[in-house]
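Enquirer:
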Amino acid sequence: MDKEKAREIARRIRDEIEDLLDEKNITIPSADREGVPGEARLYGEENSRFEEATVDLLLGQPDAKVADRDVGDASHPLRQLAIRICDEFEELLAEKNLKIPSTDRTSDPDEACLYGSEYYQLEDAIVDILVDELDANDKTAATTGGIADEARRAVEAMRRRMAMTPEGSVAEQLAESERPG
């Protein structure tokens, strides 16, 4: 993987972290933000440091085929990489003395900054990005001009933000109501 591809993947991972921070209404403090109203939750030097650390981890990763074995296995290289990236994010949170709220917390002062289901959801999302990017690398001949990648990302973003109701997702309800009969 070249550095530009690693940077692109790092930005997708950062976007996933932005979504988590936004959901939890947490903004990482940054000296670069002073006097600048910013919408980004991860900004300035902190953003750059996290992105560079992620790029370095991606570049240091040996090539791993998605189909080698189940990526859900904790020993799979992509899962291990996702764990290291989560660790980098945790270090940033610890440095800023922040903890991501979690219903799984037991109020133990030694609990990690990123904990329980929030940790595992982020880890899974990073694995999904890595699998998606590796599959895209294997199929680059099938995509032209990045249009397929952009469409896929838009669908993924929409799916993540789909509203859920007690009856299921709004999209499923709309599809059901539009069926004849």
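Our numbering numbers the first residue of the sequence shown as 522 and each following residue consecutively. The C-beta atom is built at its ideal place from N, Cα and C for all residues, glycine as well.
1) Taking three-plus beta-carbon pairs below 8 angstroms as touching, is the stretch 571-582 in contact with the stretch 614-628?
2) Excluding sequence positions up to five away, which residues of its chain have a Cβ less than 7 angstroms from the Cβ of Arg562?
3) Would you kindly work out how many angstroms separate the C-alpha atoms of Leu635 and Ile621, rounded to a whole number?
4) Give the DSSP-derived three-state secondary structure of Ser569 in the structure shown.
5) Name the residue from Leu655, Ser623 and Leu643 whose alpha carbon lies nearest to the alpha carbon of Asp536.
6) Alpha carbon to alpha carbon, how far is Ala527 from Gln601?
7) Go through its chain and collect everything with a Cβ distance to Ser638's Cβ below 6 angstroms, but skip five positions before and after it.
8) Measure the CB-CB distance between Leu734 and Leu578 and report whether it falls below 8 angstroms.
9) Just confirm the distance between the C-beta atoms of Val648 and Val592, as a whole number of angstroms; I'd bet it's less than 8 angstroms.
10) Does the beta-carbon distance from Leu580 to Lys545 come in below 8 angstroms?
11) Can you have a look at Glu566 and say buried or exposed, based on whether 16 or more other CB atoms are within 10 angstroms of its CB?
12) Once you ignore the five residues that flank Glu654 on each side, which residues in its own chain have a CB closer than 7 angstroms to its CB?
13) Could you spell out the range, first to last residue, of the alpha helix (DSSP H) harbouring Ile510?
14) Cys607 and Tyr640 - do their beta-carbons sit closer together than 8 angstroms?
15) Using CA coordinates, which residue listed in Phe610, Thr627, Arg605 and Met522 is at the minimum distance from Asn568?
16) How should Ala646 be labelled, buried or exposed, when 16 other C-beta atoms within 10 angstroms of its C-beta is the threshold for buried?
Expert: Considering the structure as presented:
1) no
2) Within the sequence shown, the letter at position 41 stands for residue 562. These residues qualify, in order along the chain: Glu539, Leu542, Asp543, Ile547, Thr548 and Ile549.
3) Residue mapping note: residue 635 aligns to position 114 of the sequence shown, counting from 1. Residue mapping note: residue 621 aligns to position 100 of the sequence shown, counting from 1. When rounded, the distance between both Cα atoms is 5 angstroms.
4) As a working note, residue 569 is residue 48 in the sequence shown. Here Ser569 sits in helix by DSSP.
5) Along the sequence shown, one-based indexing puts residue 536 at 15. Cα-wise, what sits closest to Asp536 is Leu643.
6) Reading the sequence shown from its first residue, position 6 is the one you call residue 527. Reading the sequence shown from its first residue, position 80 is the one you call residue 601. Distance between the alpha carbons of Ala527 and Gln601: 16 angstroms.
7) Residue mapping note: residue 638 aligns to position 117 of the sequence shown, counting from 1. Within the same chain, Ser638 has close Cβ partners Asp625.
8) In the structure as shown, the chain begins at 522 and stops at 702. Residue 734 is therefore absent and cannot be evaluated.
9) Taking the sequence shown and counting its residues from 1, the one referred to as residue 648 is at position 127. Taking the sequence shown and counting its residues from 1, the one referred to as residue 592 is at position 71. About 6 angstroms separates the CB atoms of Val648 and Val592; that is less than 8 angstroms, so the two are in contact.
10) What you label residue 580 is simply residue 59 of the sequence shown in a count that begins at 1. What you label residue 545 is simply residue 24 of the sequence shown in a count that begins at 1. No, the Cβ-Cβ distance between Leu580 and Lys545 is not below 8 angstroms.
11) Numbered from 1 along the sequence shown, position 45 holds the residue referred to as residue 566. By the neighbour-count rule (16 or more Cβ atoms within 10 Å), Glu566 is not buried but exposed.
12) Within the sequence shown, numbered from 1, the residue matching residue 654 stands at position 133. For Glu654, where only same-chain residues beyond five positions count, the Cβ hits under 7 angstroms are Ile530.
13) The chain is shown only over 522 to 702; residue 510 falls outside these bounds and no answer can be derived.
14) On the sequence shown, position 119 is the one that residue 640 refers to. On the sequence shown, position 86 is the one that residue 607 refers to. Going by C-beta atoms, Tyr640 is nearer than 8 angstroms to Cys607.
15) Counting from one through the sequence shown, the residue named residue 568 turns up at place 47. Nearest C-alpha to Asn568: Phe610.
16) Taking the sequence shown and counting its residues from 1, the one referred to as residue 646 is at position 125. Burial call: buried.
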